[in-house]
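Reviewing the structure listed below.
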Amino acid sequence: MSLTYNDTIVALCEFFEVTIHTILCLRRVYPAQVFVRRKKYDAPVFQSRSPSLNEYIASLVKSVGQELVSGNVKCVAIVIKNQSDVALERFVLSIQSAVNVDPEHRDTPIPDAMTKASLQQQFRSFLVSLGTVEGQMVDNSDDQEQLSFTVILEMKDHNVPSSAPNEQDPVPWMPAVVQHTTEGVDKDAELYMVRAIETGIFNFSLAIQESREKVDREKSRLSKGKVKQL
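Start counting the sequence shown at 303; every next residue gets the next number (the working numbering).
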């Protein structure tokens, strides 16, 4: 049976949560011992052992899901930044609605949409591609600075998030630092395309951007390394 509109949002949010945990581990935002290796969609992934971090990520994903229902989300970015609050890496999940579905029909299967099993196979391929592309990036393990992350929600047509924080949903959306957003990407940034999926309901793709600040820092580091070898 093909997916419904609401099924796709639930599946996408679950995938996004898995992806956040895996990226935070692979990019060394937290020590490796904070994570445990798991399997999801028949692909190797990582999950945080920290209850507070898990709760925070789950709350973020819940807030993203509330905005996906509105159909106004342009992209969601996981931004890895240094202790000076400068974005070093952006993992940008771009989202596009393929169909318009009235609220009363959002639990009805969409003709020509993917099945749940097919979507999970696509998620597996997505995660395998993420691991391959991530391996081509400059490793953060040599970074002397403490890293952190934030999640950026970019809306279509200058809309603002509609969801308000409450006791069950404690993460509010706040105005983002421009340098953290996709608008803050410099022309000298490195870009990696991971994968794209067309579900028949939402089409989405993942790209990785290494900021100019990180690229320049690595060039400087390599240059100093060459000098030391002479």
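We put the beta carbon where it would ideally sit given N, CA and C, even for glycine. Just so we're clear, the structure is a prediction, and the values are computed from it rather than from any experiment.
Between which two residues does the alpha helix (DSSP H) harbouring residue 353 extend? 353 to 372
Please report the straight-line C-alpha distance between residue 495 and residue 410, rounded to a whole angstrom. Their backbone Cα atoms lie some 33 angstroms apart in a straight line.
Is the Cβ-Cβ distance between residue 422 and residue 343 less than 8 angstroms? Contact flag set, yes.
Could you spell out the range, first to last residue, of the beta strand (DSSP E) harbouring residue 421? From DSSP, residue 421 is part of no beta strand (DSSP E) but of the alpha helix (DSSP H) over 418 to 436.
Determine the extent of the alpha helix (DSSP H) in which residue 328 is found, giving its start and end residues. 307 to 328
In chain order, what residues of the same chain lie with their CB nearer than 8 angstroms to the CB of residue 398, ignoring the 5 residues before and after it? Cβ within range, chain order: 504, 505 and 506.
Tell me the rounded alpha-carbon separation between residue 375 and residue 368. 10 angstroms
Local Cβ density within 10 Å of residue 406, reported as buried at 16 or more and exposed below that: exposed
Identity of the residues DSSP links to residue 505 by a beta bridge: 398 and 500
Among all the DSSP beta bridges, which residues are the ones paired with residue 350? Paired residues: 337.
Could you check what DSSP says for residue 448 in three-state terms: helix, strand or coil? coil
Going straight from the alpha carbon of residue 371 to that of residue 311, what length do you get? 7 angstroms
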